[in-house]
Structures are given as structure tokens and as C-alpha cells.
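In the working numbering, the protein residues as written are 10 to 290.
Glycine is no exception: its CB is placed at the ideal position from the N, C-alpha and C atoms.
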Ligand code: NAP
């Protein structure tokens, strides 16, 4: 029997569990504050930011969406980041990516105060994570680790394969799995014999961005399969990187799209903002 890892239900539970912590902060006159800078009108970014707004407001955060025109200069955007860095009411700050071509994402990411970097993308936070002393963790990997915890999936000594080596998913997931004592292989577009390597995995995390790329042939009997992919088909439907139906026939645990990793990413952003507010205190 395959267990579906219900990211939506776990996200709700995660947000519920934050309520007491938020009350405790409020008793000390601290309201978790989250600011999102949204540059331009990228439709996907608008949807993501609306989701963040919904979550933040439902938890009673102080929430700001700072919408700026696509023509904003890098210098002006840096000034905005600086002002939120200094704003005592703001504990979490993120600049929604992607940014227009004339703005260097790395420069903007570097400008965010690492203590307010609730996306966990700042090199200081990446470095701390890789050194085993994390402050802010990228939300998608953080959410995936919470799934393992919730479903009591033991990672110690397990063979884990992560397909994808991006800075926001693949690399930090591999680091967190290593910290949890799994033995980790990171695969990517240049990996040879990928199905054979994936088939070694007790834990398989797929983050590549190719619809239905991972089939049953990649899966060891009883493996845990986490599908991070979000791919929009021509009919507008979103699907993962994994052929869920057929892989579910072999896996012991599997995530679905929608209702898998996505809602957990959102929930962990909220949790990380609460953590930032608690640390400030
Ligand atoms: P990314 O930066 O584009 O990285 C993709 C990775 O996949 C790269 O390391 C690439 O290898 C590897 N790859 C591409 N094609 C491959 C192939 N045929 N075989 C093996 N590896 C291959 O993507 P990302 O930001 O990590 O995102 C990955 C997917 O997750 C996307 O669909 C994205 O939308 C989704 N995502 C979802 C959430 C969520 O909350 N649900 C959050 C973040 C991302 P190279 O390094 O060799 O190029």
C-alpha cells in the first residue's frame, strides 16, 4: 500500500501549530512582520505573492506587498531592501524572483539582511546550512524535511538520491538529508545511467522541472518519492516531474501535485518568519 504524503494537510497543521507561538509573541508586543517586494507584473509571481499574502493575513502577521514597476533601477530596489532591513516591524523580507534582466538577482539577494532572509537564499544562510549550523533554510527543502518527520520516515543510513542540483532545492535538500545521516547522491543533467542510480534510492527527491520525467523504471520497490516539480502543461494543468500513478504502484510513500511540496513551501515561509520574529526578541 502506498501512502500519499498529504502536503496540504501538513501545511494546515504546520500553520495551526504556529498560532500559539504567534500569540506568545503578541503577548510581548511583537507581531511577526513579512515584507514582499514584487517587481513588475509577472503572472506566476503575482499568484505566488497572493498565496503568501493569504497565509500571512490568516495568521495575523503584519504584511506588506511592495509592488514596484518593472522599470525600477537596481539602485532604487537596493534602497527599498535597505529600508526594510532597518524596519523594526519587519522580521522577514523577500524579493520575489525572477527579477527583470537589468537587475542582478545576486546583488539583491546579497543586500537582504541574512537574519530577515526568510527564503534562505542569502549566501550566509546557504553557507551556514552547508556548515551544519543553519539560521534560515530554503523553504522547499525545509518543507520536505518536515514531511519526512511527520510521516516518521527514518533517514539514517538510508540511500537517498536527489535529482537536480539547484541552489534553492537540490543542493540544500542534499545537505539536509546528509545532516539527517542519509547517504546522498546528487544527480543532474549530465548524470549517466540516471534510472539505474535513481533505482538505488530508498529516498528519491526529484527537482528538475520536466513533466512526468521519472517513471516506474527509476524506482526501487518501497522507495519514498518526493516530487518537487511544477510543470505547466499546454492545457494549463500543473503536473510534477514524476509519473505519479505508475510510480505509486512501486513506492511506499509519494507526494502528489497539487497538494504536495507546494503547500509545504508556503507554510515553511510562515514558520520561518515566526522564527525570525522569535530570534529578534
Ligand atoms: P532548476 O534551477 O532549473 O534546476 C533543475 C535541475 O534539474 C538542474 O540541476 C538540472 O541539471 C537538473 N535537470 C534538468 N534536466 C534534467 C534531466 N533530464 N536529467 C537530470 N537532471 C536534470 O530548477 P529548480 O528551481 O530546482 O526547480 C525544479 C522544479 O521544481 C521546477 O519544476 C520548479 O518549478 C519546481 N519547484 C517547485 C517548488 C514548490 O514549492 N513546489 C519550489 C521550487 C521549485 P543541471 O544542473 O545539470 O542543469
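Thinking just about the alpha-carbon of each residue, which of the options is nearest to the one in residue i?
i, options, result
"residue 281", "244, 191, 216 and 155", "155"
"residue 165", "133, 189, 30 and 101", "189"
"residue 256", "279, 224, 243 and 246", "224"
"residue 180", "121, 135, 33 and 95", "135"
"residue 152", "45, 273 and 36", "273"
"residue 5", "231, 244, 267 and 258", "Absent from the model: residue 5. The displayed extent of the chain is 10 to 290, so no value can be given."
"residue 127", "112, 110, 105 and 84", "105"
"residue 304", "34, 265, 47 and 176", "Absent from the model: residue 304. The displayed extent of the chain is 10 to 290, so no value can be given."
"residue 61", "143, 36, 279 and 147", "279"
"residue 92", "110, 67 and 122", "122"
"residue 163", "90, 284, 242 and 233", "233"
Does at least one heavy atom of ligand 1 sit under 7 Å from the Cβ of residue i?
i, result
"residue 3", "The first residue shown for the chain is 10 and the last is 290, placing residue 3 beyond what the model contains."
"residue 197", "yes"
"residue 200", "yes"
"residue 274", "yes"
"residue 222", "yes"
"residue 129", "no"
"residue 245", "no"
"residue 184", "no"
"residue 239", "yes"
State the CB to CB distance for the pair residue i and residue j, rounded to an integer number of angstroms; the pair is presumed to be in contact (CB under 8 Å).
i, j, result
"residue 248", "residue 149", "So it is not a contact: roughly 17 Å between Cβ atoms."
"residue 199", "residue 229", "At roughly 23 Å, the Cβ-Cβ gap does not stay under 8 Å, so residue 199 and residue 229 are not in contact."
"residue 125", "residue 102", "4 Å"
"residue 212", "residue 191", "6 Å"
Would DSSP call residue i helix, strand or coil?
i, result
"residue 178", "coil"
"residue 241", "strand"
"residue 248", "strand"
"residue 157", "helix"
"residue 11", "coil"
"residue 101", "strand"
"residue 193", "strand"
Item to complete: Could you name each continuous beta strand (DSSP E) segment of 3 residues or more that falls completely within the stretch 56-83, going from the start of the chain to the end?
Response: 71-77
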